[in-house]
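Numbering (my numbering), first residue to last: 638 to 689.
Written out below as structure tokens is the structure these notes cover.
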């Protein structure tokens, strides 16, 4: 579980900050089977997302 700077709690398998600046952030979120975030869901697969 990861709490981001916005205060949103994410139940994700992995969370990695790749780059962060004053007005940007790039993260890699890894979702396991059945995990969901407000903008993405996977029922039977594992996936990594790059969020810019």
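We put the beta carbon where it would ideally sit given N, CA and C, even for glycine.
Source: prediction; values computed, not measured.
Range of the contiguous beta strand (DSSP E) that encloses residue i
i           : result
residue 655 : 651-657
residue 662 : 662-668
Backbone CA spacing between residue i and residue j [nearest angstrom]
i           : j           : result
residue 680 : residue 663 : 25 Å
residue 656 : residue 666 : 13 Å
residue 661 : residue 672 : 25 Å
Where residue i sits in the DSSP three-state scheme
i           : result
residue 681 : coil
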